[in-house]
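A quick write-up on the structure given underneath.
Number of protein chains: 2
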Amino acid sequence: MDKNINKNGKIKIGLIGLGTVGSGVYKTLESFKNIEVVKIAVRNVNKKRNIPNLDESIITGDPYEVVNDPEIQIVVELIGGLNPAFDLIKTAIKNGKHIVTANKELLAKHGEELFTFAEEHNKVVLYEAAIAGGIPIIMPIKTILAGNKITRIEAILNGTTNYILTKMDMQGASYEQVLNEAQALGYAEADPTGDVEGFDAAYKITTLATLAFRKRIKIEDVYREGITKVRSEDMQAANDLGYKIKLIASAYLDEQGRADVRVHPMLVSKKSTLAHIDYVTNAVSLTGHPVGSVTLSGPGAGEFPTASSVVGDILAIAAELGTTDYLLPMMRCKHESDAEMIDILDTENKYYISINAQNNKGVIGTIGTICAQNDISLASIVQRCVSDDNTADITVITELVKEKNMRNAIKLIEQDGNKVNSLIRVQV
Amino acid sequence: MDKNINKNGKIKIGLIGLGTVGSGVYKTLESFKNIEVVKIAVRNVNKKRNIPNLDESIITGDPYEVVNDPEIQIVVELIGGLNPAFDLIKTAIKNGKHIVTANKELLAKHGEELFTFAEEHNKVVLYEAAIAGGIPIIMPIKTILAGNKITRIEAILNGTTNYILTKMDMQGASYEQVLNEAQALGYAEADPTGDVEGFDAAYKITTLATLAFRKRIKIEDVYREGITKVRSEDMQAANDLGYKIKLIASAYLDEQGRADVRVHPMLVSKKSTLAHIDYVTNAVSLTGHPVGSVTLSGPGAGEFPTASSVVGDILAIAAELGTTDYLLPMMRCKHESDAEMIDILDTENKYYISINAQNNKGVIGTIGTICAQNDISLASIVQRCVSDDNTADITVITELVKEKNMRNAIKLIEQDGNKVNSLIRVQV
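In order, the protein sequence lines correspond to chains A and B.
Take the first sequence: its letter number 213 is residue 373 in this note's numbering, and every next letter is one higher.
Take the second sequence: its letter number 247 is residue 407 in this note's numbering, and every next letter is one higher.
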């Protein structure tokens, strides 16, 4: 790494972005005597900011002033999105700067290109803040868990959707009702697509699984379902069966080394830690050998929690600046090879299915026959209530079943005149 | 650090102890091509061991052969206890070796002496495995959470007691009954004192709080109560009030920088993550700024989980051997100063109290008066059942109260002819 020591002996930082996280980083770094923020790029230089000790003279409207500043050793990118973030980071690396970023979309879509480019220039890209906010997860995987072969990740990586699902569960309210509340409170954006359709969680699990499996996962191979179709009736039924419904980002590596990476709602046993992760809290469960299973939970977003991770990465780089010309394991970010992926149709899952049967007579028999023909064993089948009009609400939990077979069975059950209200996978 | 590279380029390890954890470490290290275990000291060289690829020729009955072997770069101490472990480690350091240890008792009683000695010799002592087994906690505090001021730790650090309390809760069984079961299953030792009286948890919280607060905590200043007096009736009452009873190791740093470190049973709200940590699982909740609260949970003991932490520490040292003559932050272990401690009598707590009143007439009034005179506000008071013989069972939950005042009130309540069955602190 760089041997140049600055005139006043301080590590010089450039910030790109001074929104919620940027403000938290700036305030947190104030207490570190050996670190100095020397330039900050913002979109609107005239905006009033609630940062008491902010030195206005270091603010610029041009982020290239940050990445081209020869004095700066570490560039912290906090604007998100692909452009201009990608070009800014590459320019910074070319100019000899290390990178700390919270940009989950950029990492998921161009992580490998970025990491390779950084290694070619003997620079590092650290990204603890991009995954699960303040929870220490990236650095522990790189350091103290480095002796493990991790084969399973199950995580709650999106605070907005976890808030909505928690509220639906507590209040027995519908998705739309709670979304409106969440938007009013600022927990969900006006256009909530990125969160509620699972894109945000998919970005994060892509990068996390790539690191944990030491194989590149491509974002386009990640199966994704959001929470918009989860009904309060499903919440109730899940509770009765001993489960909570959570949006789980998961990644599994099978014995042949093939990866299965997804984001979708999942019934999680109340006995598992993830079932008790509520509101905007995030959590990551890792399973590997020799460690077994560990779960890390905490704030997945917010000014200060995210700043904790950004500052942790800055301190890790600062500790090594000028001391070694070698990248420590915790600094490395390139990965060995592409992962071979398992198609979602070839995965095996347990399923919760909620069916509204038009004619309750013989319907259990029909469902049973269709399932048997598609090699589907049932763990339980409950006819929850029958109304006067002859229809029936039926809740089914299956044993482990091929996704392909399950989808075929659903088609046949619907062709028989029944309505399948929900199909949600169950944690195994 | 050492610049000497071995003939075959491998990092040479010496193991002291080949019990449960040692076996796990040996088996795990087999898959690392750049690391070689060259000597292992055991108590009984003739013992049959279930390690398929064990090279018997490297086994010795004399641990000084390990610490005096000039080829060995890292000594892994896994025998526990003060002697001969302390002298062995000091000899190894004097001989230029780095140390990885799981010895919680030694760290709690002589940690500072050990860390100072190591720094004087420019060697490191890593101890991830000594606290909470496989859970990554020490290294994350030293690295990615290094930007935080941690002010609060609440943790379940002893698997045996958590197993007993979980079973008592699930089965409504007594402490003695479950202890016997646990002993039969190997979850508790024949002499369970170290676990059930809280010594093991006290060792661990001493070292953990010292690291997190960057101030030395002395083991003799840690307040300690075990679980032997927890009754199944208390478990039931706690459940009814929305709590679980856990043996919590806690450490708090107040605004004046004074520390309050303890181990005792505690009523923990069912809404908190710790309430759902069951059986032999351990967990650590840390609160600090800027991160907020994070909770890490997982296996607190066992062959492979503990090996994960030992191997993580070995890899951290191995990564730096020969690359730098400077100790990275994650390697440092000395602490700034002694902590100023708060005496348990001066702490403020909420309390759960279970009282058996000899005469139910007027007893609520008497308790209320005694509490008022001792500056104790009550959150709730429930007369749970009155039997034919005129006695009453009364459950009280207080607001925040000085320990000194609470103890005085208990004395007066007992002098009035009532029996105080339980006094358990409640999580705030």
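Beta carbons are placed, not taken as given, at the ideal position from N, Cα and C, and that holds for glycine.
This one's a predicted model, so the numbers in the text were calculated from it and none came from an experiment.
Please list the partners that Leu434/B has in chain A, where partner means a Cβ-to-Cβ separation under 8 Å. Here residue 434/B refers to the residue found at position 274 of the second sequence. Correct list: empty, because the minimum Cβ distance to chain A is about 10 Å.
Roughly how many whole angstroms lie between the Cα atoms of Gly293/A and Ile297/B? Numbered from 1 along the first sequence, position 133 holds the residue referred to as residue 293/A. Numbered from 1 along the second sequence, position 137 holds the residue referred to as residue 297/B. Distance between the alpha carbons of Gly293/A and Ile297/B: 17 Å.
Let me check one thing: in DSSP terms, what residues is Met426/B bridge-paired to? As a working mapping, residue 426/B is identified with position 266 in the second sequence. For Met426/B, which the question treats as bridged, DSSP gives the partners Lys406/B, Arg585/B.
Is the Cβ-Cβ distance between Ile232/B and Gly182/B less than 9 Å? Here residue 232/B refers to the residue found at position 72 of the second sequence. Here residue 182/B refers to the residue found at position 22 of the second sequence. Not closer than 9 Å, so no.
Chain A within 9 Å of Ile173/B, Cβ atoms only: Counting from 1 along the second sequence, the entry for residue 173/B is found at position 13. No, Ile173/B does not count as interfacial toward chain A.
Is there contact here, the stretch 184-198 of chain B with the stretch 558-575 of chain A, by at least three beta-carbon pairs under 8 Å? no
Own chain residues within Cβ distance below 6 Å of Asp420/B, not counting five before or after: Along the second sequence, read from residue 1 onward, the residue named residue 420/B stands at position 260. If we look at Asp420/B and ignore the five residues flanking it on each side, its Cβ neighbours are Tyr412, Ile502, Thr507.
Under 9 Å, do Arg374/B and Glu357/B count as touching if we go by C-beta distance? Taking the second sequence and counting its residues from 1, the one referred to as residue 374/B is at position 214. Taking the second sequence and counting its residues from 1, the one referred to as residue 357/B is at position 197. No, these two residues do not count as a Cβ contact at 9 Å.
Who are the neighbours of Met299/B on chain A, taking C-beta pairs under 7 Å? Reading the second sequence from its first residue, position 139 is the one you call residue 299/B. When 7 Å is used as the limit between beta carbons, Met299/B is near these residues of chain A: Pro300, Thr303, Ile304, in chain order.
Range covered by the alpha helix (DSSP H) that runs through Val202/B: Mapped onto the second sequence, residue 202/B falls at position 42. Careful: Val202/B lies outside any alpha helix (DSSP H) and carries neither H nor E.
Smallest Cα separation from Lys302/B: which of Lys494/B, Glu349/B, Ser453/B? Within the second sequence, residue 302/B is the residue found at index 142, counting from 1. Considering only alpha carbons, the answer is Lys494/B.
Given a threshold of 16 other Cβ atoms within 10 Å of its Cβ, counted over all protein chains shown, does Thr276/B qualify as buried or as exposed? Residue numbering aside, residue 276/B sits at position 116 when the second sequence is read from its first letter. With fewer than 16 other Cβ atoms within 10 Å, it is exposed.
Leaving out five residues before and five after Asn194/A in sequence, what residues of the same chain have Cβ atoms less than 8 Å from its Cβ? Sequence index remark: in the first sequence, residue 194/A carries index 34 (1-based). Correct list, in chain order: Gly169, Lys170, Ile171, Ala478.
Where do the ends of the beta strand (DSSP E) carrying Arg567/A lie? On the first sequence, residue 567/A is found 407 positions in, with the first residue counted as 1. Per DSSP, Arg567/A belongs to no beta strand (DSSP E); it is in the alpha helix (DSSP H), 563-575.
Exposed or buried, Lys510/B, counting other C-beta atoms within 10 Å across all chains shown (16 or more means buried)? For the purposes of this step, residue 510/B is taken as the residue at position 350 of the second sequence. By the 10 Å Cβ count, Lys510/B comes out buried.
Candidates Ile316/B, Lys257/B, Leu248/B: which alpha carbon is nearest Pro459/B's? Taking the first residue of the second sequence as 1, we reach residue 459/B at position 299. The candidate whose alpha carbon is nearest that of Pro459/B is Ile316/B.
Quick one: which chain B residues come within Cβ less than 9 Å of Glu288/A? Position 128 of the first sequence holds residue 288/A. For the C-beta of Glu288/A, the chain B residues within less than 9 Å are, from N- to C-terminus, Ile304.
Of all Cβ atoms in chain B, is any one closer than 9 Å to the Cβ of Asn263/A? Counting from one through the first sequence, the residue named residue 263/A turns up at place 103. The Cβ of Asn263/A sits no closer than 9 Å to any Cβ of chain B.
Assign Ile379/A to one of three DSSP states: helix, strand, or coil. Start at 1 with the first residue of the first sequence, and residue 379/A comes out as number 219. Ile379/A falls in the helix class under three-state DSSP.
Give the DSSP-derived three-state secondary structure of Lys327/A in the structure shown. Residue 327/A sits at position 167 when you count from the first residue of the first sequence. Three-state result, Lys327/A: helix.
Quick check on the burial criterion: 16 or more other C-beta atoms within 10 angstroms. Buried or exposed for Gly332/A? Start at 1 with the first residue of the first sequence, and residue 332/A comes out as number 172. The residue in question, Gly332/A, is exposed, as its Cβ has fewer than 16 Cβ neighbours within 10 Å.
Under a CB-based cut-off of 9 Å, is Ile165/B close to chain A? Your numbering for residue 165/B matches position 5 in the second sequence. Reliability of the predicted coordinates at Ile165/B is poor, the pLDDT of 46 falling under 50, and the value obtained from them is presented with this limitation in mind. No, Ile165/B does not count as interfacial toward chain A.
Grab me the residues of Gly177/B's own chain with a C-beta within less than 6 Å of its C-beta, minus the 5 sequence neighbours each way, in chain order. Counted from its first residue, the second sequence places residue 177/B at position 17. Only Leu238, Ile239 meet the Cβ criterion.
Would you identify the three-state DSSP class for Gln343/B, choosing helix, strand or coil? One-based indexing of the second sequence puts residue 343/B at position 183. Note: Gln343/B maps to helix in three-state DSSP.
What does the alpha-carbon distance come out to for the pair Gly267/B and Val588/A? Within the second sequence, numbered from 1, the residue matching residue 267/B stands at position 107. Within the first sequence, numbered from 1, the residue matching residue 588/A stands at position 428. The sequence shown places Leu at residue 267/B, not Gly. The straight-line gap from Cα to Cα measures roughly 40 Å.
DSSP state of His281/A mapped onto helix, strand, coil: The residue given as residue 281/A occupies position 121 in the first sequence. In this structure, His281/A counts as coil in the three-state DSSP scheme.
Between the alpha carbons of Ile165/B and Thr261/A, how many angstroms are there, rounded? On the second sequence, residue 165/B is found 5 positions in, with the first residue counted as 1. On the first sequence, residue 261/A is found 101 positions in, with the first residue counted as 1. With a pLDDT of only 46 at Ile165/B, under the threshold of 50, the placement of this residue in the model should not be trusted, and no figure is reported.
How many angstroms separate the CA atom of Ala552/B from the CA atom of Arg585/B? In the second sequence, counting from the first residue as 1, residue 552/B sits at position 392. In the second sequence, counting from the first residue as 1, residue 585/B sits at position 425. Roughly 22 Å between the two C-alpha positions.
Straight-line gap, Ala476/B to Asp400/B (C-alpha atoms, nearest Å): Stepping through the second sequence from its first residue, residue 476/B is reached at position 316. Stepping through the second sequence from its first residue, residue 400/B is reached at position 240. Rounded to whole angstroms, Ala476/B to Asp400/B spans 47 Å at the Cα level.
If you measure from the beta carbon of Pro223/A to each beta carbon in chain B, is any gap under 9 Å? Here residue 223/A refers to the residue found at position 63 when the first sequence is read from its first residue. Answer no: the Cβ-Cβ gap between Pro223/A and chain B never drops below 9 Å.
Which residues in the same chain have their Cβ closer than 7 Å to the Cβ of Ala569/A, if we skip the five residues on either side of it in sequence? Translated into the one-based positions of the first sequence, residue 569/A becomes position 409. Hits under 7 Å: Ile530, Cys531, Asn534, Ile536.
Whose C-alpha, out of Pro465/A, Ser453/A, Ser457/A, is nearest the C-alpha of Gly462/B? Working through the second sequence from its first residue, we reach residue 462/B at position 302. Considering only alpha carbons, the answer is Ser453/A.
DSSP-derived helix/strand/coil call for Asp355/B: Position 195 of the second sequence, counted from the first residue, corresponds to residue 355/B. Of the three classes helix, strand and coil, the one that applies to Asp355/B here is helix, per DSSP.
Among the candidates Leu339/A, Pro465/A, Thr447/A, whose CA atom is the shortest distance from the CA of Leu446/B? The residue given as residue 446/B occupies position 286 in the second sequence. Minimum Cα distance to Leu446/B is reached at Pro465/A.
Are there 16 or more other CB atoms within 10 angstroms of the CB of Met161/A, so buried, or fewer, so exposed? For the purposes of this step, residue 161/A is taken as residue 1 along the first sequence, with counting starting at 1. The pLDDT assigned to Met161/A is 40, lower than 50, so where the model puts this residue is not dependable; a value taken from the coordinates is nonetheless given after this. Met161/A comes out buried.
Go through its chain and collect everything with a Cβ distance to Leu339/A's Cβ below 8 Å, but skip five positions before and after it. The residue you call residue 339/A lines up with position 179 of the first sequence. Same-chain partners within the cutoff: Ile324, Ala348, Pro352, Val356.
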